[in-house]
Amino acid sequence: MSFSPLPLLGPHIAVLLGSAGAFFGIQQLTHRFGPSCSKSWNGFDDRIKNGVASHVVSMAHALIIIPLALHAVKSDILARDPVFGYDRFVGNVLAISSGYFIWDTIDSLRYSTLGFVVHGACCLAVYLFSFRPFLAGFGPPFLLWELSTPLLNIHWFMDKLGLSTTYPTFFLINALAFMLVFFLARIVYGGYESMVFFHVMWTRRHEIPLHLHLIYCIGNLSLNALNWLWFSKMVKKMLARVSGDDKPVSESKRAARTNKMSPSEKQSLLEVSTPTSVSEDKMESTNGRQFKQTLSLPADPPSPNVSTSRKTSEGW
């Protein structure tokens, strides 16, 4: 008798592979049509171009997955058994996100740091494990953490395309809206769903292997801690912005500022600059000089490390 670690993946494999292929395609199309969409494109370095493409993919995933997750949370099957239950529609929803995390992991290997690689790989593993199945009932609720992602991407695009200073009021309103949605979706709703998650894991503890119990519970606690950390940083940044200590400076103006300098002035800046270990989402590099990003919001808040499913603990 053959053994399959993911017995329910088969019916969803086409959706998963199609999703991954679509996100890679969106990334390539962004690079292809970037110059036509923005006059500033050719002035960006490769890191910024790759960042734009990555945020376009992130936006596409969020806009697709949010309405699907809103529908998936209504599953009666998973409401009855959130631990070992299985719903075919929810399986397709999680297959789409699994495809996204295939893209995310490979993209992070090419362009980002080890931390983002590990994050993408862990999310991929958790969503794939939903096809065992396991914890399907908590997949859709935690996908709703992505509710704040579109607003975050708008913030990022405005900063990179030089629109933060052209439309400063909208830029600020969008940032405030992002913080509000982030708080409601991740801190309030996410916190509530986490409490439900821990309650279910405790009441069903005799059906769940100890190692899975520890991995999922520790992962959930870590993600909630990261959400609180990111939110505290955003609040501090916003307070500094309101008090006038942080003025908007667009990416295009940053580039223009250094491009107007003579070679000797640029060299002087390079000689006196002191590298610091600051997140790439808070510091942007232009021609060798580092500038703080306006109202630095985290470019990629942690994605939910939760998965899907049915069946008892036999065969783990």
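By the UniProt record's numbering, the letter at position 35 of the sequence shown is numbered 35, and the numbering carries on one by one without gaps. The beta carbon of each residue, even a glycine, is placed where N, CA and C say it ideally should be. Everything numeric in this text was worked out from a predicted model, so none of it was measured.
Can you tell me whether residue i is helix, strand or coil according to DSSP?
| i | result |
| --- | --- |
| residue 197 | helix |
| residue 204 | coil |
| residue 109 | helix |
| residue 244 | coil |
| residue 117 | helix |
| residue 132 | coil |
| residue 192 | helix |
| residue 85 | coil |
| residue 15 | helix |
| residue 24 | helix |
| residue 237 | helix |
| residue 166 | coil |
| residue 227 | helix |
| residue 176 | helix |
| residue 8 | coil |
Under DSSP, the alpha helix (DSSP H) around residue i begins and ends at which residues?
| i | result |
| --- | --- |
| residue 153 | 149-160 |
| residue 136 | Per DSSP, residue 136 belongs to no alpha helix (DSSP H) and is neither H nor E. |
| residue 183 | No alpha helix (DSSP H) contains residue 183, which DSSP labels as neither H nor E. |
| residue 70 | 46-72 |
| residue 78 | 76-80 |
To the nearest angstrom, how far is it from the Cα of residue i to the Cα of residue j?
| i | j | result |
| --- | --- | --- |
| residue 185 | residue 224 | 12 Å |
| residue 318 | residue 133 | The structure shown does not extend to residue 318, since the chain spans only 1 to 316, so no value can be given for it. |
| residue 236 | residue 34 | 34 Å |
| residue 352 | residue 151 | A query on residue 352 cannot be resolved here, the shown segment of the chain reaching from 1 to 316 and no further. |
| residue 73 | residue 137 | 8 Å |
| residue 200 | residue 46 | 46 Å |
| residue 148 | residue 59 | 10 Å |
| residue 164 | residue 27 | 24 Å |
| residue 129 | residue 38 | 41 Å |
| residue 81 | residue 94 | 17 Å |
| residue 14 | residue 180 | 37 Å |
| residue 115 | residue 78 | 32 Å |
| residue 20 | residue 141 | 22 Å |
| residue 22 | residue 174 | 28 Å |
| residue 177 | residue 170 | 10 Å |
Count the other CB atoms, across all protein chains shown, that sit within 10 Å of the CB of residue i; report buried if there are 16 or more and exposed otherwise.
| i | result |
| --- | --- |
| residue 118 | exposed |
| residue 57 | buried |
| residue 86 | buried |
| residue 286 | Because residue 286 carries a pLDDT of 38, less than 50, the predicted location of this residue cannot be relied on, and the following value inherits that uncertainty. By the neighbour-count rule (16 or more Cβ atoms within 10 Å), residue 286 is buried. |
| residue 188 | exposed |
| residue 153 | buried |
| residue 294 | Only weak support exists for where residue 294 lies, its pLDDT of 42 falling under 50; the coordinates are left without a value. |
| residue 44 | buried |
| residue 113 | exposed |
| residue 25 | exposed |
Our contact map puts residue i next to residue j with C-beta atoms below 8 Å; I'd like the distance itself, whole angstroms only.
| i | j | result |
| --- | --- | --- |
| residue 65 | residue 9 | Not a contact, Cβ separation roughly 18 Å. |
| residue 160 | residue 242 | 23 Å between Cβ atoms; not a contact. |
| residue 135 | residue 102 | About 20 Å; that fails the 8 Å criterion. |
Measuring from the CB of residue i, is there a heavy atom of the ligand ZN at a distance below 7 Å?
| i | result |
| --- | --- |
| residue 230 | For the ligand ZN, the structure offers nothing, since it holds no ligand at all. |
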